[in-house]
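Contents: one structure, followed by commentary.
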Amino acid sequence: MDLLERYLQAVGQYLPTETKDDTIAELRSNLMEQIDAREEELGRPLDFAEVATILKEHGKPEAVALRYLPQRSLIGPTVFPFYLLTLRRVLPIVVFWNFVARAVLFVVSRNESLTDALVGFALGIWPSLLIAAAVITAIFATIEWTRQRGKLPGNWNEWDPAKLPALKTHASPDCSPRSMTKRMIDLCAHCLWFAYVLWVPWHPFWIMGPGVFYLDSLNVALAPVWHAFYALLITLLILQLVMKMLAFVPSAQRALQPMKVVTDLLGLVAIGMLAASSTYFVAAGAAANVQRIATVNQSVGLAFRIVFVIVLIGFVKDLWQYVKRAKPLRQMAF
Amino acid sequence: MFDSLRLELRRGCLILAVLAQLRDEHYGYTLRKALADEGLAIEESTLYPLLRRLETQGLLTSEWREEEKRNKRFYRLSKDGEAVLELLLAEWNGINESLHKILKHEK
């Protein structure tokens with residue numbers, strides 16, 4: 181019986197003091213009854229291994245004790261769906277505002293590179309997310325605690341069907357196929373734009389207007405970053421041309437959305453490349469005014485950084501919409 | 009998955025079976041044995057805490073008494089427990105009948 185007492189002692193360690201003696205006494209009585217019945221069956225006292233088998237079947241001490249404890253949960257099943265919904269609504273907002281704050285910092289700061297800014301954002305977002313999640317959890321745990329004690333009036337499942345939003349009469353623009361005329365105009369416009377982009381490097385006036393004369397007066401040439409940008413731009417335009425053509429193929433409609441994400445990302449990389457660079461114009465001869473070129477480079481750099489942040493916000497927004505559409509609603513439901 | 013569904017299905021049935029069986033007085037060990045004899049085996053680690061919970065909810069009463077030179081805790085259905093058992097049995101019969109009808113349609 182030494183083993184039985186050792187077992188009961190182990191169970192007792194995890195029981196609340198006020199009910200411990202009573203629970204242990206009942207467990208002892210039941211287990212001894214079980215041991216007696218087995219002994220009667222065998223016609224002899226049980227040995228150590230046989231008692232151990234009975235105890236093992238009865239359960240691990242911690243698990244047995246836990247079953248005697250009242251069921252506890254920080255947030256119960258009634259409040260939990262609202263908790264999850266709040267997390268799903270609030271955490272993306274936290275990410276967005278962190279992103280905006282980081283973007284503003286990136287634009288204002290002249291020393292921070294694009295890579296540093298992105299790494300800073302990726303690492304810096306976690307404390308904010310954790311704090312937001314902890315605060316929301318604390319609020320809902322308090323609500324649950326108050327509700328359990330009947331101090332919070334109101335029915336959580338109360339709702340009015342009449343307040344449901346009106347039925348959407350028009351399909352969302354992303355789902356409805358565009359008319360043939362619109363697709364044709366789109367393709368023609370893209371071809372014209374593509375031709376323009378191929379033609380303009382030899383006719384800079386058509387992109388910079390009178391500004392080209394100002395640059396001539398500065399005696400400058402384009403920095404190598406423009407060549408890389410131009411190659412990326414041509415790749416992007418080819419991809420977009422393929423997409424415009426695929427828009428006429430009904431079976432290819434499903435591929436257009438992921439392709440749009442890829443082209444948007446490529447566009448972002450192209451702008452990011454310009455934003456990350458600090459040199460856009462270089463001196464073309466000894467007569468060049470280095471001081472003025474540096475000022476121009478700085479101004480152009482700031483402009484590209486602002487453009488990059490705007491494009492990045494748009495990309496994140498579109499990507500979020502795409503992920504939401506790609507993920508069926510029932511998977512997002514709890 | 010079957011195991012968790014089975015567990016869910018059994019949970020409510022066990023409460024009903026325990027309440028019904030405790031119309032006659034039992035202590036933990038004999039109650040478990042009686043249920044097992046009727047074909048409803050239940051683990052000790054499930055049954056004993058369940059008895060405590062039902063007692064806390066006022067559906068059972070218990071008393072310590074000596075029997076065969078050993079102190080045992082005897083459980084019995086309380087007045088409230090009897091009323092709840094009646095309601096639960098009516099519910100159970102309703103579900104049972106409906107299920108029979110549904111399963112008959114499937115055949």
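Protein sequences, first through last, are from chains A and B.
Its first residue numbered 181, the first sequence is counted upward by one per residue in the working numbering.
Its first residue numbered 9, the second sequence is counted upward by one per residue in the working numbering.
Yeah, the Cβ is synthetic: ideal placement off N, Cα and C, and Gly gets one too.
In whole angstroms, what is the alpha-carbon distance linking B:Leu93 and B:Glu71? 21 Å
Tell me whether A:Thr258 sits in a helix, a strand or coil according to DSSP, three-state version. coil
Please state whether DSSP places B:Thr69 in a helix, a strand or coil. Strand, per DSSP.
Hey, A:Val476 and A:Phe461: beta-carbon distance below 9 Å or not? yes
Please confirm whether A:Leu448 and A:Val480 have their CB atoms less than 9 Å apart. No, Cβ-Cβ distance for A:Leu448 and A:Val480 is not below 9 Å.
Any C-beta of chain B under 9 Å from that of A:Ser209: yes
Quick one: is A:Ile414 buried, meaning 16 or more other Cβ sit within 10 Å of its Cβ, or exposed? exposed
In terms of residue numbering, what span does the alpha helix (DSSP H) encompassing A:Ala411 cover? 405 to 426
Where A:Met388 and A:Val380 are concerned, what is the direct C-alpha to C-alpha distance, given to the nearest angstrom? Approximately 10 Å between the Cα atoms of the pair.
Going by other Cβ atoms of all chains shown within 10 Å of its Cβ, with 16 needed for buried, is A:Pro241 buried or exposed? buried
Between A:Gln471 and A:Gln478, what straight-line distance do the alpha-carbon atoms span, to the nearest angstrom? So the alpha carbons of these two residues sit roughly 11 Å apart.
Evaluate B:Gly89 with the Cβ neighbour count: other Cβ atoms within 10 Å of its Cβ, from every protein chain shown; 16 or more gives buried, anything less gives exposed. Taking every protein chain shown into account, the CB of B:Gly89 has 16 or more other CB atoms within 10 angstroms, so this residue is buried.
Members of the region 31 to 42 of chain B near chain A, C-beta cut-off 9 Å: Tyr35, Gly36, Tyr37, Thr38, Arg40, Lys41
Quick check on this structure: which residue in A:Glu219, A:Leu195, A:Ile255 has the alpha carbon closest to the alpha carbon of A:Trp325? A:Ile255
A:Ala313 versus A:Ala281 - alpha carbon distance: Approximately 19 Å between the Cα atoms of the pair.
Based on the DSSP output, what are the partners of A:Gly236 in its beta bridges? Gly is not the amino acid found at residue 236 of chain A; the sequence shown has Lys there. Note: A:Lys236 sits in no beta bridge, so no partner.
Is it buried or exposed, A:Leu509, if we count other Cβ atoms within 10 angstroms and call 16 or more buried? Reliability of the predicted coordinates at A:Leu509 is poor, the pLDDT of 48 falling under 50, and no value is obtained from them.
Suppose contacts are defined by Cβ-Cβ distances below 9 Å. Is A:Leu184 in contact with A:Arg208 by that definition? yes
Any idea which residues DSSP pairs A:Ala190 with across the strands? A:Ala190 is not bridged to any residue.
If contact means a Cβ-Cβ distance below 7 Å, which residues of the region 75 to 101 of chain B contact chain A? Arg78, Asn79, Lys80, Arg81
9 Å is my cut-off, CB to CB: does B:Ser12 come that close to chain A? no
Since A:Gln437 contacts A:Tyr502 with CB under 8 Å, what's their CB separation in whole angstroms? Distance from A:Gln437 to A:Tyr502 at the Cβ level is roughly 6 Å; contact confirmed, criterion being Cβ atoms closer than 8 Å.
Could you tell me whether the Cβ atoms of A:Leu496 and A:Leu454 are closer together than 9 Å? The sequence shown places Val at residue 496 of chain A, not Leu. No.
Start and end residues, beta strand (DSSP E) containing A:Ala464: Here A:Ala464 belongs to no beta strand (DSSP E), and DSSP marks it neither H nor E.
Apply the 10 Å Cβ neighbour rule to A:Ile473 and answer buried if 16 or more other Cβ atoms are within range, or exposed otherwise. buried
Beta-bridge partners of B:Tyr35, as assigned by DSSP: B:Phe82
Per DSSP, what are the beta-bridge partners of A:Ala375 in this structure? Note: A:Ala375 sits in no beta bridge, so no partner.
Residues of chain A with CB closer than 9 Å to the CB of B:Glu46, please, in chain order. The contacting residues do not exist; B:Glu46 stays about 18 Å from chain A at best.
With 16 other Cβ atoms within 10 Å as the buried cut-off, status of B:His113: Exposed, since its Cβ has fewer than 16 Cβ neighbours within 10 Å.
By DSSP, does A:Glu292 sit in helix, in strand, or in coil? coil
Identity of the residues DSSP links to A:Ala401 by a beta bridge: A:Val462
Note down, in chain order, every chain A residue with its Cβ under 8 Å from the Cβ of B:Glu16. What B:Glu16 touches in chain A: nothing, since even the nearest Cβ is about 14 Å away.
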